[in-house]
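Going by my numbering, the first residue of the sequence shown is number 1, and it counts up by one from there.
See below for the structure under consideration.
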Amino acid sequence: MKIYDGVIDWGIKRARDSKMIGLGFHSVIDGLVKIDPKKIGNLDLAIPQKFSDLPDSIKFIDDFWKGLIFSFSNGSALQLMIDSKEVYEWIMKTFGTGTLRLGGTSANMAKGLIPFPFEKILVYVYPLKKEIANLFSNSKNLFVVGNNGLDHPINAYDGEGIDAIHWIFEFSQGQSITVKGQTYACPRSNRFIASWNPANSKLEVRDPFRSYVIDHAKDISHFLVSGFHIMQEVYPDGETVEDRIDELLKFIQTVKDKNSEIRFHLEFASIRRDRVRRAVEEKLFSMFDSLGLNEVELSWVARDMGYDEKDILNLDVERISQIISEIMRGDLSRVHFHTLGFYLLALKGDYDLESQKKALAFASLAAAQRAMDGEINLERFKYVLDIPEKYDYKEWERDGIHFILFPTKVVPSPKITVGLGDTISSLAFVLG
Ligand code: AMP
């Protein structure tokens with residue numbers, strides 16, 4: 001079976017036939033800082049040995065260093081939220097903003113979708129300041145809701161400033177940092193992300209976006225929700241993550257009441273805080289049609305359910321499908337698991353299997369081409385078609401669920417990997 005045959009033309013046509021696609025609720029500025037170990041000097045702190053020794057969030061300057069050194073000395077990606085204004089100000093003073101780039105799961109999805117002929121991509125951006133508005137490319141199919149209705153962000157921003165920033169500290173293999181006189185070399189190029197976003201951390205759906213979406217629900221076909229990883233367990237004013245998720249659910253229900261045809265997708269992302277993650281699992285999984293997540297994210301879900309997370313991280317497909325079956329006991333009818341080398345798609349009920357497979361193939365080509373070049377360029381999809389897949393295609397049924405193990409294209413030396421998961425999940429969902 002030639003799983004990639006004809007999918008490029010198919011995907012373009014499918015995009016052209018689409019309606020409005022909604023993306024909320026997390027767009028932010030990324031600040032890229034290349035770590036210069038010489039400037040860091042000799043640090044005096046205990047390096048966390050295990051993942052579980054890490055702080056849940058950054059409350060003190062030491063927490064920042066712990067996260068950075070852990071990520072650096074293990075060569076592994078890590079994201080922590082900053083919970084203290086003092087630490088935010090200290091990082092800004094010490095490192096500056098770095099190179100600004102558009103980030104956040106919703107904006108990343110927008111970046112991945114606008115190069116294709118989708119009619120309207122509607123993205124939630126809060127706070128919509130001049131700096132972030134300027135980072136959106138000048139695409140005709142990209143919109144935010146401004147005071148005069150749909151508009152490009154650059155015509156709709158409100159004020160100036162960088163109120164929220166996700167610092168991406170990048171380091172390279174072979175660099176070394178000294179802690180307590182001992183030198184630690186970085187085994188693999190990677191990144192440590194420290195995020196400051198109190199303005200949007202409640203994932204509040206504000207006007208005019210809110211009323212526009214409710215009033216125009218009939219025009220929308222797909223809505224992708226993400227950003228839970230920036231939520232807090234308890235907010236300074238006493239509100240809890242459960243309160244906030246209930247509010248979000250009310251909004252989703254209102255939109256569903258206006259148009260029951262809209263498909264809702266939840267992109268999990270890396271939710272480090274236990275209570276936030278559990279609230280998402282318990283309150284949201286059964287309210288969405290579709291869920292997207294990678295192996296690390298599913299390993300946390302598995303751990304929350306009492307399973308050994310290592311089985312998932314070791315890519316034990318039997319165990320992965322078992323966990324997915326359990327998640328799908330409620331109304332969730334589609335789960336798209338992605339990892340390096342393959343996707344596992346689980347479907348329950350009335351899905352067009354051919355479309356779903358083609359959508360996976362299209363997402364795989366887009367991710368590989370974006371990894372190769374840094375930006376999506378449809379003209380260059382053909383160059384990744386020749387990359388051989390390393391897994392075998394497989395389909396099976398289990399507990400009334402149809403599983404598809406789909407081998408993907410993997411680019412040997414990627415230019416970027418940030419945001420690839422968002423591209424994969426959003427394209428496969430809206431095209432499928
Ligand atoms: P995430 O960690 O959720 O952003 O997603 C990363 C995903 O990007 C992986 O699960 C892979 O499917 C995909 N990916 C990562 N590196 C490459 C690569 N070099 N070529 C193609 N796809 C990649």
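A virtual CB, placed ideally from N, CA and C, is assigned to each residue, including glycine.
Beta bridge pairing from DSSP links L122 with G22 and F143. In the displayed model, G67 falls within a helix according to three-state DSSP.
Per the Cβ contact rule, the segment 65-76 is in contact with the segment 187-205 (3 or more Cβ pairs under 8 Å). In the DSSP annotation of this structure, P48 is not part of any alpha helix (DSSP H), being labelled neither H nor E. Burial check for F171: the Cβ neighbour count within 10 Å reaches 16 or more, so the residue is buried.
Within the DSSP secondary-structure output, N294 pairs in a beta bridge with H338. Taken atom to atom, the span from the alpha-carbon of I424 to that of T339 is near 10 Å.
Taking 8 Å as the upper bound for CB-CB distance, Y124 and S27 are in contact here, some 7 Å apart. P208 is positioned such that its CB atom lies closer than 8 Å to that of V145.
Rounded to the nearest whole angstrom, the CA to CA distance from R370 to I323 is 30 Å. At the C-beta level, F25 and V225 come within 8 Å of one another.
As DSSP reads the structure, Q182 sits in a beta bridge with V179. Of the residues E233, H265 and V384, the one whose Cα lies closest to the Cα of M81 is E233.
If you draw a 10 Å sphere on the C-beta of E267, you find 16 or more other C-beta atoms in it, and that means buried. Counting along the chain, M81 sits inside the beta strand (DSSP E) bounded by residues L78 to M81. About 4 Å separates the Cβ atoms of M109 and S426, confirming a contact at the 8 Å cut-off. Just so you know, the alpha carbons of L420 and D219 end up roughly 28 Å apart.
The alpha-carbon of S18 is positioned some 49 Å away from that of A185. Counting every other CB atom within 10 Å of its CB across the protein chains shown gives N141 a total of 16 or more, marking it as buried. Secondary structure note for N190: its beta strand (DSSP E) is the uninterrupted segment N190 to W196.
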